[in-house]
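A.B. asks:
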Amino acid sequence: MEKLSFKLDAPIRAGGSRKQAIVGVVASGNLEVLLERASPSDVCTIDVATAAHGFGTVWEAVLRDFVARRAAGGLRISVNDGGARPDTVALRLAQGVRMIEEPEA
Amino acid sequence: MNDWGMQRTALGERVTAGQRYAKGKIVPILSLPAFMEAVIRTGDRVCLEGDNQKQADILASALAELDPREVCDLHMVQSGVVLPAHLDVFEKGIARRLDFSYSGPQSGRIARMLFGRKIELGAVHTYLELFARYFIDLTPQVALIAAVSADKDGNLYTGPNTEDTPIVVEATSYKNGLVVAQVTEIVDKVPRVDIPGDLVHFVVEAGKPFYVEPLFTRDPAAITETQILTAMLAIKGIYAPYGVRRLNHGIGFNTAAIELLLPTYGERLGLKGKVCTHFALNPHPTLIPAIESGWVEQVHCFGSEVGMEDYVAARPDIFFTGPDGSLRSNRAFCQMAGLYACDMFIGSTLQIDLKGHSSTVTTNRIAGFGGAPNMGSDPRGRRHPSEPWLKAGAEAAPDSSPALRRGRKLVVQIGETFGDRNVPLFVEHLDALELARELELDLAPVMVYSDDVTHIVTEEGIANLLLCRNSDEREQAIRGVAGYTDIGRARDLKMVERLRERGVVRRPEDLGIDPLDADRRLLAARSIKDLMLASGGLYRPPGRFRNW
Amino acid sequence: MTTVRADAASLSWYEASARQRIDALIDRGSFDEFIGPEQRETSPHLSIFDLPEQFDDGIVIGRGHLDASSVLVAAQEGRFMGGALGEVHGAKLTGLLRAARKLKEDVLILFDTGGVRLQEANAGELAIAEIMRAVIEVRRAGIKVIGLIGGRAGCYGGGSLIAGTCSNLIISEQGRISVSGPEVIETNKGVEEFDSRDRALVWRTMGGKHRYLIGGADMFVDDAALAFREAAIAALQLDRRCDLAVLAAEQERLERRLKRFGHARDAVEVWQSMGIEKPAEIPGLPAEEFLRRAADKRENADDAR
Amino acid sequence: MTLDDILAGLFPSGIDIKRAGTEVAGRATLSDAGPIHLLGITQGSPVGVDEAIALARRVIEIIKSGDRAPILLLVDSASQLMSRRDELLGLNEYLAHLAKVLLLAEAEGHRTVGLLYGGSAAGAFIATALAAGTLVALPTAHPVVMDLPSMARVTKLPIEVLKAKAETTPVFAPGLDNMVRTGGVHFVWSEGEPLSAQLAAVLARPAGDDERDRLGAARGGRRKAAEIADRVAAIAMRSCTEPHDD
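Residue numbers (the working numbering), protein chains in the order written: chain A, 14 to 118; chain B, 3 to 550; chain C, 127 to 431; chain D, -11 to 234.
(1) Assuming residue 102 (chain B) is part of the beta strand (DSSP E), what are its boundary residues?
(2) Could you confirm whether any beta carbon from chain A is found closer than 8 Å to the beta carbon of residue 351 (chain B)?
(3) Look up residue 80 (chain B) in the DSSP assignment and say whether it is helix, strand or coil.
(4) Would you decide whether residue 428 (chain C) is buried or exposed? Buried here means 16 or more other CB atoms lie within 10 Å of its CB.
(5) In its own chain, which residues sit with a C-beta less than 7 Å from the C-beta of residue 22 (chain B), not counting the 5 before and 5 after it?
(6) So, does the stretch 258 to 277 of chain C touch the stretch 88 to 100 of chain D, judging by three or more C-beta pairs under 8 Å?
(7) Go ahead and pull the three-state DSSP assignment for residue 232 (chain D).
(8) Quick check: the Cα distance between residue 19 (chain B) and residue 122 (chain B), rounded to an integer number of angstroms?
(9) Is the Cβ of residue 259 (chain C) closer than 8 Å to any Cβ of chain B?
(10) Where residue 71 (chain A) and residue 41 (chain A) are concerned, what is the direct C-alpha to C-alpha distance, given to the nearest angstrom?
(11) Roughly how many whole angstroms lie between the Cα atoms of residue 131 (chain C) and residue 153 (chain C)?
(12) Could you check which residue in D:156, D:20, D:162 and D:83 has the C-alpha nearest to that of residue 191 (chain D)?
(13) Would you verify that the beta carbon of residue 263 (chain B) is, or is not, closer than 8 Å to some beta carbon of chain C?
(14) Taking its Cβ as the centre, do 16 or more other Cβ atoms sit within 10 Å of residue 133 (chain C), making it buried, or is it exposed?
(15) Which runs of the beta strand (DSSP E) at least 3 residues long sit entirely within the stretch 109 to 148 of chain B? Give them in chain order.
(16) Judging by CA-CA distance, which residue of B:302, B:308, B:334 and B:479 is the nearest neighbour of residue 324 (chain B)?
(17) Who are the near neighbours of residue 520 (chain B) in its chain, counting only those whose CB is closer than 8 Å to its CB and skipping five residues on each side?
(18) Could you check whether the Cβ of residue 429 (chain C) sits closer than 8 Å to any Cβ belonging to chain B?
(19) Within 10 angstroms of the Cβ of residue 137 (chain B), are there 16 or more other Cβ atoms? Answer buried if so, exposed if not.
(20) Taking C-beta pairs closer than 8 Å, name the residues in chain C that residue 62 (chain A) reaches, listed in chain order.
(21) Pull up the CB-CB distance for residue 224 (chain C) and residue 221 (chain D), whole angstroms please, since I reckon it's below 8 Å.
(22) For the alpha helix (DSSP H) that residue 194 (chain C) lies in, which residues bound it at each end?
(23) Going by the CB atoms, is the gap between residue 329 (chain C) and residue 409 (chain C) shorter than 8 Å?
(24) Under 7 Å Cβ-Cβ, which residues of chain B neighbour residue 111 (chain A)?
(25) Would you call the CB atoms of residue 123 (chain D) and residue 139 (chain D) closer than 8 Å?
(26) What separation, rounded to the nearest whole angstrom, lies between the Cα atoms of residue 79 (chain A) and residue 257 (chain B)?
(27) With which residues is residue 534 (chain B) paired in a DSSP beta bridge?
(28) Do residue 65 (chain B) and residue 89 (chain B) have their CB atoms nearer than 8 Å?
(29) Verify whether the separation of the beta carbon atoms of residue 94 (chain A) and residue 61 (chain A) is less than 8 Å.
(30) Quick check on residue 12 (chain A): does DSSP put it in helix, strand or coil?
(31) Pull up the distance between the alpha-carbon of residue 27 (chain A) and that of residue 467 (chain B), whole angstroms please.
(32) Given that a residue counts as buried once 16 or more other Cβ atoms are within 10 Å of its Cβ, and exposed if not, what is residue 221 (chain B)?
(33) Identify the contact partners of residue 189 (chain C) in chain A, using a Cβ-Cβ distance below 8 Å as the criterion.
(34) In the stretch 151 to 190 of chain B, which residue ranges form an unbroken beta strand (DSSP E) of at least 3 residues, counting only runs that do not cross its ends?
(35) Are there 16 or more other CB atoms within 10 angstroms of the CB of residue 427 (chain B), so buried, or fewer, so exposed?
(36) Given a cut-off of 8 Å on the beta-carbon distance, is the pair residue 333 (chain C) and residue 279 (chain C) in contact?
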């Protein structure tokens, strides 16, 4: 497993009030994304444990775009990755942000 | 005095030789080896029927069992190199030269044998080209074909999988070639005469059906959210604005997703009747929901598809069927239809370079072309107008005189930026170039040339290459939809943004599509079982696709 | 009482994740997860094999309301390591069952498992033994343990033995119950014994319809979350014991099955000897028509499980 | 030790036992008190539907007798029978049924003691030895949940690598020591001591709750299971606002 950590400026603050959200499963070509609230609200930290070695620069590119486009400020994101492709990673991250913004039941 | 009937005489000798092992036209299967040795001569040009679907498998095995001391130096001219026996004939020294079109499952072995100089390669063709050459300079002296049944006079019923048989027989039999058919059974009266007995010299009763590969079955259960997103982009960003009604689809999961989105997403966009009404297409199981919900008016087929026979027979308003009720497919005619009568081809590929050339060749594999290059090319001989064709032509050359402007066929490559095992779709150089160098081929095996492709669709968006005015724009438009591949990450951000403003690159959000809406629940069928149920039980998928 | 409907329209049980299944099964918003993913109670053993972990170790447990009654729920995630049981995964279910016994709350187990997780095989095997014992103890305390089977991974290996201890089983056509998987039989006994690539054979031997017909499952539902929900609500209304009378009845039931069908080579023969009309058509039938043909013909396991 | 040696050592005063194929069933008298029921699966044979139902029938008869005498379950089996027929007939129900009747016997007052003296594996192990209230083993026992060649095939790791990993943890590799350390086997008997006395000692312990996860924790082979199970139970109790009275 390769572990990667990122602390990125995230200009858009995550909305909603849920404490956490989780999407996806760890399987071949898939990943799970756990999102939790953390401060400060203009930073997003992301910890990745991935089965695919040597894709650090791709992860960074995907994550930078993600924090620039989506409301990820104030989130601590933890990823367990089963070797997902970048498009799947981007999709799960976006799904995670949508879920944590959903109104609480 | 010239003898103008030497070929006819030679045919007569073959027939006489063959009759020693036959009762009338019927060759008992036990006599097949001796029969084959009697009718096939060293140096013959032989067409062994077989494409990406049906196979004259019994005759292929019999050919591979010939003694190379008796028969050798054959020149094989055949659509498909698919069965192990197809290459065994070269391995054993029975055949020497090969002209073909498609290799599929033998693509690795054929490459190794070419490297090892076990095969003298004529050329890799498209189906239509090879068929064309059957009538000019590659006319077979012997054709070994496959049918469902025959009567004692040699009339053949080829059933739903007629495919290449008529054109092979036409080219061989009318030019003094010998035609031998394997059939499942001999019957008193065939259900319909697909090939007249006059053209068939011998028939072998195989006792079992010829092999057919279910090549066009895509399990909806395997369609991913990303593929659904690409399908949404294609429907909303290409089908809708061009009003594409006459088209051909490739066999990938992206196009299967499109077929399954028509009755749901397409319906919501109000596109029913406005797009996808006429197809040159095999009977894809994933097309069932669209047919059942009234989207599709007519489909002509290259071949059939395993398990779709009863469904097709029950929908004669949609498909071409014979008086016996079953499908009539014809590869040559359908290729012609795809080339000249369709306004769009959309399919997947394995590699796209910065110019937009695409190829399904990977190192050490020669998969051949099949029909894709004919589908995926702009026919310069086309003269009839249609809305999509004219619109595409106008986009490509807005300043030219409308009355003198050629239209353009829409040739769309669709795929995810990364394929299986994280292999990028976009590359600096096609593997096909390396292969051509190693095999000393004159041409790199390119599936769709850069000047034919009009659009590239990935989950990142649509690149409309018709709107690019120079090679820089073209390259950046391609990079612009190449996502996180090395090619994509090296894009010129500013230039891509400018292209986006001009609509050359369109992102999902530019089309009002939220990637988060790409949900499997949009699929009109999510499993093979759903397809079976949608067909009212008429679709009978092969066992390996079932989960019930 | 008004029924609180879950948001389950058109959700395929087979395709859904463990969390989606719970969301669709339980009254909306009522689920309270125990040891959720934020606790990061992952398997301590997968790293030995350099394999990725999942924060919930492939099982979601907690409490929710089903049609306004409080129930304990466990859902296996069939896509993570095939839903296989390891130490943490198993212990979460064991703990839930032990709590159920004390609290007298009914339990729903959403099976989706290939059995023991081989990277922690001993721990997984023992977890299964512990879970089975806990199920029986729960049932003897008068509490129901209802199994729901219809996931991608099926219900195989030790998971199928746990299912065999449940008071009631709800299954869809996609659900499969079997101790040895098709590949395992083929690998050990040869393709002549079992061709694992013949998926029609797999389903007709192990699938939901066959299990329902022979009494290996009690309720047959469509592959839809709402159908599972309605069946689970109905199952909660039933009275199920686990005493000598019930197990003696099960003994009789299973002996009778051997007598009636022990010589059958294929499921279709079994269905034929049950008197099912046109048995070869069974796999292709939609649920409603299947249930019609099964009625009065299938083996019933009520009060004998 | 052969089965005969074991039986002689356990019951010096003799036994009444029937053998049918690979199954044994019978009765004996304990050295210090009352009768004990014997049954077992022997000769390293697989357990299919036929074997499981026969054993279960015997257990039900014992429970019906109402004598509350202990049951000694002798186990030397293979895995479950891997066959199309057995799965067609619902092998899972037969194995689960066998486990259930054993658990029922314990609950109805029969002490159940499993004696693993040979092999056992996978589903057969769960349905027999692991369904006993107490599981003891002789040093010759060799339980296997998953054999290393199969593991190597699935994990695509060489057997040598798996063996090396097995040195660091008892959690996956076959063998008695690993099963003891993970808590599956309560006691390993000594072949040097009289077996009858060792059996008497086991029977003298009161029946109780499932303690295998605690044993696994105490022996260091399964450190998390008991703690997790306890935590789940505690959370469930704490968060239970409206327990049913039922």
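Note that CB positions come from ideal geometry on N, CA and C, so glycine has one too.
C.D. replies: Taking the coordinates as given:
(1) For the purposes of this step, residue 102 (chain B) is taken as residue 100 along the second sequence, with counting starting at 1. It spans 97 to 104 - the beta strand (DSSP E) in which residue 102 (chain B) sits, taken as one unbroken run.
(2) Counting from one through the second sequence, the residue named residue 351 (chain B) turns up at place 349. Judged by the 8 Å Cβ criterion, residue 351 (chain B) is not in contact with chain A.
(3) On the second sequence, position 78 is the one that residue 80 (chain B) refers to. Here residue 80 (chain B) sits in strand by DSSP.
(4) To locate residue 428 (chain C), count along the third sequence from 1; it is residue 302. So residue 428 (chain C) counts as exposed.
(5) Here residue 22 (chain B) refers to the residue found at position 20 of the second sequence. Contacts found: 40.
(6) Yes: the two stretches touch, three or more of their Cβ pairs being nearer than 8 Å.
(7) As a position in the fourth sequence, residue 232 (chain D) is number 244, starting the count at 1. For residue 232 (chain D), the predicted structure reports a pLDDT of 44, less than 50, and the residue's modelled location is therefore unreliable. The matter cannot be settled from this model.
(8) By one-based count along the second sequence, residue 19 (chain B) stands at place 17. By one-based count along the second sequence, residue 122 (chain B) stands at place 120. Rounded to whole angstroms, residue 19 (chain B) to residue 122 (chain B) spans 29 Å at the Cα level.
(9) To locate residue 259 (chain C), count along the third sequence from 1; it is residue 133. Chain B contact via Cβ: absent.
(10) Your numbering for residue 71 (chain A) matches position 58 in the first sequence. Your numbering for residue 41 (chain A) matches position 28 in the first sequence. Each residue's Cα considered, the two are about 18 Å apart.
(11) If you number the third sequence from 1, residue 131 (chain C) lands on position 5. If you number the third sequence from 1, residue 153 (chain C) lands on position 27. With a pLDDT of only 37 at residue 131 (chain C), under 50, the local geometry of the prediction cannot be trusted, and no value is derived from it.
(12) One-based indexing of the fourth sequence puts residue 191 (chain D) at position 203. The option with the nearest alpha carbon to residue 191 (chain D) is D:20.
(13) In the second sequence, residue 263 (chain B) corresponds to position 261, counting from 1. False, the Cβ-Cβ gap to chain C never drops below 8 Å.
(14) In the third sequence, residue 133 (chain C) corresponds to position 7, counting from 1. In this prediction, residue 133 (chain C) scores a pLDDT of 41, lower than 50, which makes its location untrustworthy; the coordinate-derived value is nonetheless stated afterwards. Residue 133 (chain C) should be labelled exposed.
(15) 122 to 126
(16) Working through the second sequence from its first residue, we reach residue 324 (chain B) at position 322. It is B:302 whose Cα lies nearest to the Cα of residue 324 (chain B).
(17) Counting from one through the second sequence, the residue named residue 520 (chain B) turns up at place 518. Here the set comprises 227, 228, 230, 231 and 234.
(18) Mapped onto the third sequence, residue 429 (chain C) falls at position 303. Judged by the 8 Å Cβ criterion, residue 429 (chain C) is not in contact with chain B.
(19) Walking along the second sequence from the start, residue 137 (chain B) turns up at place 135. Residue 137 (chain B) is exposed by the Cβ-count criterion.
(20) Here residue 62 (chain A) refers to the residue found at position 49 of the first sequence. Going along chain C in sequence order, the residues near residue 62 (chain A) (Cβ under 8 Å) are 178 and 179.
(21) Position 98 of the third sequence holds residue 224 (chain C). Position 233 of the fourth sequence holds residue 221 (chain D). Rounded, the Cβ-Cβ distance is 5 Å, consistent with contact.
(22) Along the third sequence, one-based indexing puts residue 194 (chain C) at 68. Where residue 194 (chain C) is concerned, there is no enclosing alpha helix (DSSP H), given that its DSSP letter is neither H nor E.
(23) For the purposes of this step, residue 409 (chain C) is identified with residue 283 of the third sequence, where counting begins at 1. For the purposes of this step, residue 329 (chain C) is identified with residue 203 of the third sequence, where counting begins at 1. In contact: residue 409 (chain C) and residue 329 (chain C) (Cβ atoms closer than 8 Å).
(24) Stepping through the first sequence from its first residue, residue 111 (chain A) is reached at position 98. Result: 518.
(25) Residue numbering aside, residue 123 (chain D) sits at position 135 when the fourth sequence is read from its first letter. Residue numbering aside, residue 139 (chain D) sits at position 151 when the fourth sequence is read from its first letter. Not closer than 8 Å, so no.
(26) Position 66 of the first sequence holds residue 79 (chain A). Position 255 of the second sequence holds residue 257 (chain B). Those two C-alpha atoms are separated by around 28 Å.
(27) For the purposes of this step, residue 534 (chain B) is taken as residue 532 along the second sequence, with counting starting at 1. Looking at the DSSP assignment, residue 534 (chain B) forms no beta bridge with any residue, so it has no partner.
(28) The sequence position of residue 65 (chain B) within the second sequence is 63, counting from 1. The sequence position of residue 89 (chain B) within the second sequence is 87, counting from 1. Going by C-beta atoms, residue 65 (chain B) is not nearer than 8 Å to residue 89 (chain B).
(29) Within the first sequence, the letter at position 81 stands for residue 94 (chain A). Within the first sequence, the letter at position 48 stands for residue 61 (chain A). Yes, the Cβ-Cβ distance between residue 94 (chain A) and residue 61 (chain A) is below 8 Å.
(30) Residue 12 (chain A) lies beyond the stretch modelled for chain A, which goes from 14 to 118, so this question has no answer here.
(31) Translated into the one-based positions of the first sequence, residue 27 (chain A) becomes position 14. Translated into the one-based positions of the second sequence, residue 467 (chain B) becomes position 465. So the two alpha carbons sit approximately 37 Å from each other.
(32) Against the second sequence, residue 221 (chain B) aligns to sequence position 219. When all chains shown are included, residue 221 (chain B) counts as buried.
(33) The count along the third sequence starts at 1 and reaches residue 189 (chain C) at position 63. Residues of chain A passing the Cβ test: none, with the nearest at roughly 14 Å.
(34) 180 to 188
(35) The count along the second sequence starts at 1 and reaches residue 427 (chain B) at position 425. Per the 10 Å Cβ criterion, buried.
(36) As a working mapping, residue 333 (chain C) is identified with position 207 in the third sequence. As a working mapping, residue 279 (chain C) is identified with position 153 in the third sequence. Going by C-beta atoms, residue 333 (chain C) is not nearer than 8 Å to residue 279 (chain C).
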